[in-house]
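Residues in the sequence shown are numbered consecutively from 45, following the working numbering.
To start, the structure itself, in C-alpha cells.
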Amino acid sequence: MFCSNCGHEIDDRAVICPHCGVATKNSGMPVTPESKTNTLAIVGFVLSFFVSVAGLACSIIARKQIRETGEGGSGFALAGIIISSISIGLTVLIGIIYGSLIGLMIGGIAQSGVV
Ligand SMILES: [Zn+2]
Numbered sequence: 045m046f047c048s049n050c051g052h053e054i055d056d057r058a059v060i061c062p063h064c065g066v067a068t069k070n071s072g073m074p075v076t077p078e079s080k081t082n083t084l085a086i087v088g089f090v091l092s093f094f095v096s097v098a099g100l101a102c103s104i105i106a107r108k109q110i111r112e113t114g115e116g117g118s119g120f121a122l123a124g125i126i127i128s129s130i131s132i133g134l135t136v137l138i139g140i141i142y143g144s145l146i147g148l149m150i151g152g153i154a155q156s157g158v159v
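Below is the structure:
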C-alpha cells in the first residue's frame with residue numbers, strides 16, 4: 045500500500061510509515077488527518093460577522109465540501125451559518141419594525157389631516 049501522507053510505497057502490515065512517521069490505517073487511527081481545516085469554513089465564519097449573506101453562502105458551501113472531503117472545520121461552518129442566519133433574521137426583523145413604524149406614522153399624519 046501507499047502512505048496516505050507522503051505517498052511512498054510501504055509494507056502492507058506497516059503501522060507507521062517509515063518515511064514520514066505518520067500512522068497508517070493499520071494502526072486503527074482515523075485515516076483522515078484531523079489537522080486539515082476547510083478554508084472556506086473559516087472565511088464563512090469571519091464573513092458572517094461583517095457580510096451576513098456572503099458568510100451564510102460560504103458556510104453552506106463549506107459544510108457541503110466538508111461532508112464530501114471529510115475535512116475539519118464543520119464547527120466553524122455551523123457557527124457561520126448560525127451567526128449569519130441570526131444576523132439576517134435581526135436585519136429583516138428591524139426592517140419590518142421600521143417599515144411598520146413608518147407606515148403607522150404616515151397613516152397617522154394622513155388621518156390627522158396635516159397633509
Ligand atoms: Zn509517509
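We put the beta carbon where it would ideally sit given N, CA and C, even for glycine.
Could you check where the alpha helix (DSSP H) with F89 kicks off and where it finishes? Taking the sequence shown and counting its residues from 1, one reaches residue 89 at position 45. Looking at the DSSP string, the run of the alpha helix (DSSP H) that includes F89 is T83 to F94.
Give the DSSP bridge partners of A67, in chain order. Along the sequence shown, one-based indexing puts residue 67 at 23. Within the DSSP secondary-structure output, A67 pairs in a beta bridge with I60.
Rounded separation between L84 and G143 - CA only: Walking along the sequence shown from the start, residue 84 turns up at place 40. Walking along the sequence shown from the start, residue 143 turns up at place 99. The alpha-carbon atoms of L84 and G143 are separated by roughly 35 Å.
Are there 16 or more other CB atoms within 10 angstroms of the CB of C102, so buried, or fewer, so exposed? Translated into the one-based positions of the sequence shown, residue 102 becomes position 58. C102 is buried by the Cβ-count criterion.
Exposed or buried, what is T68 when buried is set at 16 or more other beta-carbons lying within 10 Å of its beta-carbon? Indexing the sequence shown from 1 puts residue 68 at position 24. Buried: at least 16 other Cβ atoms inside 10 Å.
For N82, I'd like the list of residues in its chain whose CB is within less than 6 Å of its CB, leaving aside the five on either flank, ordered along the chain. The residue labelled residue 82 in the question sits at position 38 within the sequence shown. Counting only residues of its own chain and dropping the five nearest sequence neighbours on each side, N82 has a CB closer than 6 Å to the CB of A106, Q109, I110, E115 and G117.
Output needed for D56: all residues of its chain with C-beta closer than 7 Å, excluding positions within five of it in sequence on either side, in chain order. Your numbering for residue 56 matches position 12 in the sequence shown. When the five nearest sequence neighbours on each side are left out, the beta carbons in the same chain lying within less than 7 Å of the beta carbon of D56 are those of M45, in order along the chain.
Cβ separation of A58 and F89, assumed to be a contact under 8 Å, to the nearest whole Å: On the sequence shown, position 14 is the one that residue 58 refers to. On the sequence shown, position 45 is the one that residue 89 refers to. Not really, about 38 Å apart at Cβ, beyond 8 Å.
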